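Protein sequences appear in the order of chains A and B.
Residue 1 is where the first sequence starts when you use the numbering used here, and the numbers rise one by one after that.
Residue 1 is where the second sequence starts when you use the numbering used here, and the numbers rise one by one after that.
Notes follow once the structure below has been shown.
There are 2 protein chains.
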Amino acid sequence: MQASIISIGDEILIGQIINTNASWMAQRLNEIGVHVYEVVTVSDTADHITQAVDQALQQADIVLLTGGLGPTKDDITKKTLADYFESGMEFHQEILDDLNAYMQKRGRPMLESVKSLALMPSKCEVIRNLKGTAAAMLFEKEGKILVSMPGVPYEMKDFMERVVLDRIKQQFNTPTILHKTIICAGQGETVLAEKIKSVTESLPPHIKMAYLPNMGIVRLRLSGSGEHGATLQAEIEDYTQQVWDILHPKYAIGYDKDKLEEIIGQILLEKKATLSTAESCTGGLVAHKITSISGSSRYFEGGAVCYSNRMKQELLGVQTSTLEQFGAVSEECVKEMAQGAVKNFNTTYGVAISGIAGPGGGTPEKPVGTVWIGVADKDRVFAKKLSFPRTRELVTAVSATMALVFLRRFMLEIV
Amino acid sequence: MQASIISIGDEILIGQIINTNASWMAQRLNEIGVHVYEVVTVSDTADHITQAVDQALQQADIVLLTGGLGPTKDDITKKTLADYFESGMEFHQEILDDLNAYMQKRGRPMLESVKSLALMPSKCEVIRNLKGTAAAMLFEKEGKILVSMPGVPYEMKDFMERVVLDRIKQQFNTPTILHKTIICAGQGETVLAEKIKSVTESLPPHIKMAYLPNMGIVRLRLSGSGEHGATLQAEIEDYTQQVWDILHPKYAIGYDKDKLEEIIGQILLEKKATLSTAESCTGGLVAHKITSISGSSRYFEGGAVCYSNRMKQELLGVQTSTLEQFGAVSEECVKEMAQGAVKNFNTTYGVAISGIAGPGGGTPEKPVGTVWIGVADKDRVFAKKLSFPRTRELVTAVSATMALVFLRRFMLEIV
Numbered sequence: 001m002q003a004s005i006i007s008i009g010d011e012i013l014i015g016q017i018i019n020t021n022a023s024w025m026a027q028r029l030n031e032i033g034v035h036v037y038e039v040v041t042v043s044d045t046a047d048h049i050t051q052a053v054d055q056a057l058q059q060a061d062i063v064l065l066t067g068g069l070g071p072t073k074d075d076i077t078k079k080t081l082a083d084y085f086e087s088g089m090e091f092h093q094e095i096l097d098d099l100n101a102y103m104q105k106r107g108r109p110m111l112e113s114v115k116s117l118a119l120m121p122s123k124c125e126v127i128r129n130l131k132g133t134a135a136a137m138l139f140e141k142e143g144k145i146l147v148s149m150p151g152v153p154y155e156m157k158d159f160m161e162r163v164v165l166d167r168i169k170q171q172f173n174t175p176t177i178l179h180k181t182i183i184c185a186g187q188g189e190t191v192l193a194e195k196i197k198s199v200t201e202s203l204p205p206h207i208k209m210a211y212l213p214n215m216g217i218v219r220l221r222l223s224g225s226g227e228h229g230a231t232l233q234a235e236i237e238d239y240t241q242q243v244w245d246i247l248h249p250k251y252a253i254g255y256d257k258d259k260l261e262e263i264i265g266q267i268l269l270e271k272k273a274t275l276s277t278a279e280s281c282t283g284g285l286v287a288h289k290i291t292s293i294s295g296s297s298r299y300f301e302g303g304a305v306c307y308s309n310r311m312k313q314e315l316l317g318v319q320t321s322t323l324e325q326f327g328a329v330s331e332e333c334v335k336e337m338a339q340g341a342v343k344n345f346n347t348t349y350g351v352a353i354s355g356i357a358g359p360g361g362g363t364p365e366k367p368v369g370t371v372w373i374g375v376a377d378k379d380r381v382f383a384k385k386l387s388f389p390r391t392r393e394l395v396t397a398v399s400a401t402m403a404l405v406f407l408r409r410f411m412l413e414i415v
Numbered sequence: 001m002q003a004s005i006i007s008i009g010d011e012i013l014i015g016q017i018i019n020t021n022a023s024w025m026a027q028r029l030n031e032i033g034v035h036v037y038e039v040v041t042v043s044d045t046a047d048h049i050t051q052a053v054d055q056a057l058q059q060a061d062i063v064l065l066t067g068g069l070g071p072t073k074d075d076i077t078k079k080t081l082a083d084y085f086e087s088g089m090e091f092h093q094e095i096l097d098d099l100n101a102y103m104q105k106r107g108r109p110m111l112e113s114v115k116s117l118a119l120m121p122s123k124c125e126v127i128r129n130l131k132g133t134a135a136a137m138l139f140e141k142e143g144k145i146l147v148s149m150p151g152v153p154y155e156m157k158d159f160m161e162r163v164v165l166d167r168i169k170q171q172f173n174t175p176t177i178l179h180k181t182i183i184c185a186g187q188g189e190t191v192l193a194e195k196i197k198s199v200t201e202s203l204p205p206h207i208k209m210a211y212l213p214n215m216g217i218v219r220l221r222l223s224g225s226g227e228h229g230a231t232l233q234a235e236i237e238d239y240t241q242q243v244w245d246i247l248h249p250k251y252a253i254g255y256d257k258d259k260l261e262e263i264i265g266q267i268l269l270e271k272k273a274t275l276s277t278a279e280s281c282t283g284g285l286v287a288h289k290i291t292s293i294s295g296s297s298r299y300f301e302g303g304a305v306c307y308s309n310r311m312k313q314e315l316l317g318v319q320t321s322t323l324e325q326f327g328a329v330s331e332e333c334v335k336e337m338a339q340g341a342v343k344n345f346n347t348t349y350g351v352a353i354s355g356i357a358g359p360g361g362g363t364p365e366k367p368v369g370t371v372w373i374g375v376a377d378k379d380r381v382f383a384k385k386l387s388f389p390r391t392r393e394l395v396t397a398v399s400a401t402m403a404l405v406f407l408r409r410f411m412l413e414i415v
């Protein structure tokens, strides 16, 4: 089973945006056993789109297009595909109803240019857009399918997850492919690989292990393919358990789609505990991660972003003498910040971060990337220093993740 | 002048990595007036590489390949290109010397597989690798050039900047291509397009306008190509000014790489003013955006993430009666939050957000996506309601951007 992905858009060809859609789609296709033969990015022109579609249909059973749809895009893709499939156009009242509802909900006027979105090729199957304006089109030709979707990432993802992936599974006889992912936090892939070497070296050829590191989190993905679903499932589960037994509880924190911030929430709920944050260099990113979980109001009270020393003193009760003697980026300060959060915000746990995100502000003793993380409850306090000399963005992102890593270990008493 | 980019690598086709190389290369090529016709990602196989190269050379004057080189890749690209250009192989002592020096510097042994890197097609011009191991190859054929480089981003960038871009400029009579982007905030592309219709409809064929929307920000990009750099520059500047005059100050906020959070910082610095935040549903995202700018400590004092009502009362002084009568997601509450930030955190401006990010917590009167934004200084206070029923992630992301949009307008007194 082969697929081709065609991304339409001058903004990719001039390098203004990075084609993240294609890799997301490729990943999802691979997960259901579809091999991506080629990814092609072409310009917003009828000739180029036609040529790419024609060629893709020669090689692939499934062709997925993104981009070049919508009122400001001149609907070039829609017209080109209608011509390619020798189709007339047809007005769809249900699309116009969707568009009216969409505009009304947002208090926006209905423009003529938007109305044109209700006109679709009569030979295609229309897939309604539940997240935006331009509907998707599904064409079938000689047992092959071609789907054209808008290029807006969350719209494309909704089309894929709601309709397209299932349709591919139904229409094509895809092999059984199973994945199980173990989420690890706070340790690099090299060390993790060494620890689980005994397991990975014993894997049979039809089961593979991939390491997917990203900002302090490493996902270990076991993938297997086979004929017998149940046997494969049992095998994958067995190897997963072996890896888990080695890496849990310190490094392995969960499975598949589990998120560190979600796991933190579960622990807090189980303990009937509450949390507050005290952030300096991460500027609110830790709180934002925690509150990205729906229902976090049950355990997260809030926190302080104390960028200035004055705020650290006023909101968190950090001592003037601490700031003078050790500075804001120090074990002493970060411990007082965490303890101050517990006390002033009246929560079970407090987590604090203070560091030098750069590019300015570094010194020989405390270079850019020096970050202190503190965690406290009313009886205990813990602090840990990170040294991670990277860009401002990377320093803050990894620090925020590591703050949650140490918070989890502190709560489980395995720091 | 047309270029084609070919990325070789299964890791892109299975979605494990995002093709950032291609967009970086496209951007640099566009800057020197080379139009990127197509970006193609193919697998590590001789057939697929040959087919892609053959086709690219039919369309483009310049073909740039990345990936598929090096000892662990089996040097598949090198062999394939040697065959394609009907070339024998030739040993290069200077490459072996480079490799020896590279390995010695890192204390690594010289493996047989690495030595094979010194064998290169005799019909190519070899470009030494100063950042890694595999050298690049430059082939010429009927006035066209093909360059094959390793896929490691910093190695590829070094080849491009040290040799390839200059070579293209020398060899081809590249036209001038100019871009100018106007950054707009707080209004959708459809309405913006309608407002500047008079300008876009008057654009000559060699100047184009693109709309690039992303989370409350729309970038309007004017691109022109021509023979005379100065004339084109003047034309682009004229159209840019026309668009700017229509959309500034309310919607157009800056140019090119300007960021909203940076513009906020500039306004605060000019006014010698300070800022604090009071966030509920965005959970720290506004503060994180502001502190993503290096040097933000000059105007950003900090803020509160007040997820619970208790924190809103204790840290921001929101009245119990306000919460009881109007609720936390209300004009009254968000105004008190913004004013509380100004007063309690002792800053010139305060910005506040309270809303229902979902997926739970909505009511018929206040459905998911209802978000109130408040901005205050010591004399004035402003509040605005958003209705943006999307995912939790989108609601918070767009709310954070819109909070900055209204903060900017409030500071400029154009709300």
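C-beta: ideal position from N, C-alpha, C; glycine also.
Everything numeric in this text was worked out from a predicted model, so none of it was measured.
- Listed along the chain, the chain B residues whose CB falls inside 8 Å of the CB of A/Thr348 amount to none; the nearest CB is some 13 Å away.
- Spanning the alpha carbons of B/Glu279 and A/Glu235 requires a straight line of approximately 48 Å.
- Residue contact check for B/Tyr307 against chain A: a CB pair falls below 8 Å.
- With contacts defined as CB atoms closer than 8 Å, A/Gln59 and A/Glu38 qualify as a contacting pair.
- Only those residues of the stretch 132-156 of chain A whose C-beta falls short of 9 Å from the nearest C-beta of chain B are listed: Thr133, Val152 and Tyr154.
- By the C-beta density criterion, A/Val191 is exposed, having fewer than 16 other C-beta atoms within 10 angstroms.
- Apart from the 5 residues on each side of it in sequence, B/Tyr84 sits with its Cβ closer than 8 Å to the Cβ of Thr50, Val53 and Asp54 in its chain, given in chain order.
- Nearest to A/Val405 by alpha-carbon distance, out of A/Ile353, A/Gly361 and A/Thr370, is A/Ile353.
- For A/Phe159, there is no enclosing beta strand (DSSP E); the enclosing alpha helix (DSSP H) has its first and last residue at Pro153 to Phe159.
- Close partners of B/Gln27 in chain A (Cβ separation under 8 Å): Ile14, Gly15 and Gln16.
- Straight-line spacing of the CA atoms in A/Gln319 and A/Thr348 works out to 22 Å.
- In the DSSP annotation of this structure, B/Cys306 is not part of any alpha helix (DSSP H); the continuous beta strand (DSSP E) holding it starts and ends at Phe300 to Cys306.
- Not a single CB atom of chain B sits nearer than 8 Å to the CB of A/Phe159.
- Ranking B/Glu393, B/Asn173, B/Ile196 and B/Ile6 by CA distance to the CA of B/Leu64 puts B/Ile6 first.
- The way I'd put it, the stretch 277-297 of chain A does touch the stretch 385-397 of chain B; three or more beta-carbon pairs between them come closer than 8 Å.
- Note that the stretch 244-262 of chain A touches the stretch 178-189 of chain A; at least 3 beta-carbon pairs, one per stretch, sit closer than 8 Å.
- Sequence-distant Cβ neighbours of B/Met149 in its own chain, meaning closer than 6 Å and more than five residues away, are Thr66, Ala136, Met156 and Phe159.
- Residues of the stretch 353-373 of chain A with a C-beta atom less than 9 Å from some C-beta of chain B are Ala357, Gly358, Pro359, Gly360 and Gly361, listed in chain order.
- Check the Cα spacing between B/Ser296 and each of B/Lys312, B/Pro109, B/Ala304 and B/Lys272: the tightest is with B/Lys272.
- Interface annotation for the stretch 78-103 of chain B against chain A: empty, criterion Cβ-Cβ distance under 9 Å.
- Counting of Cβ neighbours within 10 angstroms places B/Ile12 among the buried residues, the total reaching 16 or more.
- Inside the stretch 239-283 of chain B, DSSP marks whole alpha helix (DSSP H) runs of 4 or more residues at positions 260-270, from first to last along the chain.
- In the structure shown, A/Lys343 adopts helical secondary structure according to DSSP, grouped into three states.
- When secondary structure is reduced to three states using DSSP, A/Ser387 falls in the strand class.
- Distance from A/Leu178 to A/Ile32 at the Cβ level is roughly 11 Å; contact not present, criterion being Cβ atoms closer than 8 Å.
- B/Ala357 is a Cβ neighbour of B/Cys281, given a cutoff of 8 Å.
- Nearest to B/Gly151 by alpha-carbon distance, out of B/Phe326, B/Ile17, B/Gly374 and B/Thr274, is B/Ile17.
- Taken in chain order, the members of the stretch 382-405 of chain B whose beta-carbon sits within less than 8 Å of a beta-carbon on chain A are Ser387, Phe388, Pro389, Arg390, Thr391, Arg392, Glu393, Leu394 and Thr396.
- Less than 8 Å divides the Cβ of A/Leu285 from the Cβ of B/Gly284.
- Under the 8 Å criterion on CB atoms, A/Thr45 is classed as non-interfacial with respect to chain B.
- Within its own chain, the residues whose Cβ lies closer than 8 Å to the Cβ of B/Met89, once the five positions on either side in sequence are excluded, are Ala82, Leu119, Met120, Pro121 and Ser122, listed in chain order.
- DSSP, reduced to helix, strand and coil, places A/Met1 outside both helices and strands of the structure shown, so it counts as coil.
- Put simply, the CB of B/Val39 is near chain A, with a gap under 8 Å to one of its CB atoms.
- Along the stretch 158-206 of chain A, the alpha helix (DSSP H) occurs as fully enclosed runs of 4 or more residues at 165-171, 189-195 and 197-200, listed in sequence order.
- Annotation: A/Trp244 has no Cβ neighbours in chain B at a cutoff of 7 Å; minimum Cβ distance is about 23 Å.
- In the three-state reduction of the DSSP assignment, A/Gly229 falls in the helix class, which pools H, G and I.
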